[in-house]
Every structure is written in C-alpha cells, then in structure tokens.
Amino acid sequence: MSVLVVGSLNEDVLVTVDRLPGRGETVIGSAVTVAPGGKGANQAAAAGRLGGGVAMIGRVGDDPAGDRQRAALADAGVHVGLVRSTPGELTGTATIPVEAEGGENLIVVVPGANAALLPVDVDVAELRQATVVLLQLETPLETVLAAAGAAAGIVVLNPAPPQPLPADLLALVDVLVPNEHELRRLTGADHGDRDPAALVELARGLGAGSVVVTLGARGALVVPVEGDAVLQAPPSVQAVDTTGAGDCFCGALAQALAREEPLAGAVRYAVAAAAASTTGAGARGALPDHAAVTVLLPSVPPAVPVT
Ligand code: RIB
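Just so we're aligned: 141 in the working numbering is position 56 of the sequence shown, and the numbers increase by one with no gaps anywhere.
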C-alpha cells in the first residue's frame with residue numbers, strides 16, 4: 086500500500102445556517118444533508134481520489150450507516166477490507182452546522198464504533214508494509230500509538246481533535262499536521278494572535294519530527310526538522326464549505342509523500358488540493374483528482390521564508 090489510513094468513519098449531518106450559534110443560543114437552519122465523514126475516512130477518500138494504493142483500517146457499527154460509509158470509501162477508490170463491523174455499536178456520527186456564506190462550521194462527534202478500534206486491529210501486514218501511515222485522534226490513543234509503533238514507513242499524525250500527546254507517540258511521528266488551534270492546545274499556549282515566526286517557535290518546541298501547521302485561507306506553515314521554515318499560501322478559490330478541508334490536506338500530503346516528493350513540494354500539492362475541496366458542500370463534496378490539482382498548481386504562490 087502507498088497510503089494506509091488508521092482512523093474514524095462518521096455519518097455527517099450537515100445543517101446550513103446563516104450564522105453559527107453562540108453558547109446557549111438557538112438558530113434556525115435552512116437545509117440538512119447526510120453525508121459520509123469522519124476525519125480518518127475523509128483523509129482516506131481524499132488520498133484515494135488523488136491516486137491508487139490507499140487502504141483504511143477502522144470500525145463502523147453493525148448498521149446501514151456503516152454500510153454507507155464503507156460504500157462511499159470504496160467509491161473513492163479506497164480498499165475497505167480492513168474496515169470492520171462492530172456488533173452492538175452504532176456507526177459514529179457528527180453534527181455540523183455550516184454557515185451559508187463562507188462555509189465556516191463547528192463539529193460535534195459521537196464516536197460510536199470508532200471507540201472500539203483496538204491495537205489488535207492495526208496488527209496487520211498492510212500497516213507494516215505501507216509507504217505512509219496516516220493517523221488522527223478520533224480513535225483511541227492506545228490504537229494510534231500501536232499503529233505509529235508498528236509502522237515502518239513515514240508516520241503522519243493529524244492531532245485532531247487535540248488532546249495531550251505522550252512523548253513516546255511524538256517521537257514516532259515523522260510529520261505532525263496540526264491546525265493553529267490544535268498547535269495551541271498541544272503546546273498549552275494562550276489564544277493570542279501569533280505571526281508565522283511565533284507559530285514556528287511553538288511548533289519547534291513540540292518534540293515531533295517535521296511540523297506542518299495548516300492555517301485555513303492563509304495556507305500552511307512548513308517547519309522541517311532541518312532547515313528554514315516557509316509559509317505556503319494557497320491558490321485563490323471561491324470557498325463554499327470548509328468542512329473537511331484539513332482532511333483533504335492530510336490525504337493529499339500523504340499521497341505526495343508516498344510518491345517521494347520532498348516535504349515542501351508535498352505541502353504545495355496539499356494546499357492546492359485542500360483549496361479545491363472547499364468549492365463544494367460537505368467534507369467530500371469537491372474532493373479533487375490528481376488532474377484537477379495539477380491544473381491548480383501553477384496558481385499556487387511561491388512559498389516565502391519565515392524569519
Ligand atoms: O474534519 C471533518 C470531519 O470531522 C467531519 O467529517 C466529521 O465527521 C468529523 O470527524
């Protein structure tokens with residue numbers, strides 16, 4: 086396998102709202118859509134659309150939603166033989182209000198069967214032989230740790246949703262991909278605004294390998310183990326829904342790393358893919374294929390050094 090994803094599969098309930106509700110507030114939505122989701126499955130689907138040799142390890146419930154998640158992944162070209170049904174559990178769900186203009190969202194996940202993904206599930210030859218193993222934090226931490234420990238290829242961890250990470254896990258990670266919020270949570274930093282140089286300093290203090298900080302519409306910050314950090318801006322697109330853009334970024338990054346692209350080139354490819362993914366509704370509404378990303382690449386600005 087080129088890319089092996091270990092992670093979550095959810096059924097997403099997307100609700101269109103004029104603006105996101107505040108704490109304790111009720112707002113009226115205008116539309117509801119049910120779509121395949123889950124950070125792990127979204128990342129696998131993104132990688133699958135962009136190239137071959139992608140497989141996923143995960144757990145769904147013994148229910149129709151589980152069948153739908155497996156079918157959606159297979160439709161994206163992902164091998165789903167290691168996505169198992171879990172008797173007595175429901176497939177994970179996510180409720181996601183999305184603003185009609187600009188596509189900002191917030192997400193509440195009920196893990197269901199994702200919580201039953203155990204270290205024994207990742208004790209398979211496919212994981213040991215994968216070129217890139219792509220992980221997130223919507224499944225038990227002990228399973229993430231077992232997968233990182235068993236991997237012989239490049240280990241990429243998207244620490245979402247964030248939680249304190251043990252040093253032994255960080256030591257196994259080759260490329261950590263937090264967003265700005267996750268980087269703050271992992272480092273215990275406050276919520277103040279930070280310029281790219283300050284974010285680089287936070288990233289360097291993590292004790293992981295290379296760090297790529299995703300910054301939404303501002304692109305991504307590449308902080309390599311050795312050498313200078315750079316800020317990679319994305320191409321300009323008309324965003325409709327940003328749900329899952331970070332997942333598309335991770336899937337595309339994994340595909341490019343599996344092709345042996347250097348980290349900066351892989352990030353350039355990933356910002357183009359993620360930008361394209363925001364032009365349709367839902368986490369997988371506009372996942373690009375390799376040809377579509379190739380068309381966008383010339384409009385990706387050059388990366389600039391961060392000093
Ligand atoms: O990153 C977006 C994803 O987060 C959604 O698809 C939802 O299922 C949650 O896992």
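A virtual CB, placed ideally from N, CA and C, is assigned to each residue, including glycine.
As the structure is a computational prediction, the values presented were derived from the model and not from experiment.
Within 8 Å, strictly: CB atoms of residue i and residue j
i             : j              : result
leucine 175   : glycine 197    : yes
valine 165    : threonine 178  : no
glycine 336   : leucine 167    : no
alanine 235   : threonine 101  : no
valine 139    : serine 93      : no
alanine 324   : glycine 122    : no
alanine 361   : alanine 371    : yes
arginine 357  : valine 389     : What sits at residue 357 in the sequence shown is alanine, not arginine. No, they are not a contact pair.
leucine 220   : alanine 232    : yes
glycine 304   : leucine 261    : no
alanine 341   : valine 315     : no
valine 39     : leucine 306    : Examination of residue 39 is not possible in this model, given that the chain is present from 86 through 392 alone.
valine 258    : alanine 288    : no
valine 163    : alanine 343    : no
proline 182   : glycine 107    : no
glycine 238   : alanine 215    : yes
valine 98     : threonine 180  : yes
glycine 125   : glycine 151    : no
glutamate 223 : asparagine 199 : yes
Neighbourhood of residue i by C-beta, 6 Å cutoff - its chain only, sequence neighbours within 5 removed
i             : result
alanine 282   : Val391
proline 386   : Ala318
arginine 153  : none
alanine 359   : Ala330, Cys333 and Phe334
threonine 327 : Gly188 and Thr363
aspartate 147 : Ser170 and Pro172
alanine 157   : Pro121
alanine 161   : Ala130, Gly133 and Arg134
Per-residue DSSP class, three states only, for residue i
i              : result
histidine 276  : coil
serine 362     : helix
valine 352     : helix
leucine 284    : helix
serine 87      : coil
asparagine 243 : coil
alanine 237    : coil
glutamate 267  : helix
proline 172    : coil
valine 102     : strand
glycine 329    : coil
leucine 135    : helix
proline 390    : strand
leucine 203    : coil
leucine 300    : coil
Per DSSP, cross-strand counterpart(s) of residue i
i              : result
isoleucine 113 : Paired residues: none, contrary to the question.
aspartate 97   : Ala120 and Ala179
glutamine 317  : Ala305
glycine 367    : None, per the DSSP bridge assignment.
asparagine 190 : Val183
serine 295     : Val260
histidine 164  : Ala140
proline 196    : Beta-bridge pairing links proline 196 to no other residue.
glycine 146    : Thr171
Other residues of its chain near residue i: CB distance less than 8 Å, five sequence neighbours each side excluded
i              : result
asparagine 264 : Ala245, Val298, Thr299, Leu300, Gly301 and Gly331
threonine 228  : Val91, Leu202, Leu203, Pro204, Asp206 and Val207
leucine 271    : Pro244, Pro247, Pro249, Leu250, Pro263 and Leu291
Check: residue i C-beta below 7 Å from any heavy atom of the ligand RIB
i              : result
alanine 368    : yes
asparagine 264 : no
aspartate 160  : no
glycine 122    : yes
serine 362     : no
threonine 328  : yes
asparagine 95  : yes
proline 331    : This sequence places glycine at residue 331; proline is not what is there. Because some heavy atom of the ligand RIB lies under 7 Å away, the Cβ of glycine 331 counts as near it: yes.
valine 194     : yes
asparagine 243 : no
alanine 44     : No statement about residue 44 is possible, as the shown extent of the chain runs from 86 to 392 and does not include it.
glutamate 211  : no
glutamate 223  : yes
alanine 150    : no
alanine 130    : no
alanine 337    : no
Same chain only: Cβ atoms within 7 Å of residue i, ignoring 5 sequence neighbours per side
i             : result
aspartate 374 : Arg134 and Leu135
alanine 159   : Val165
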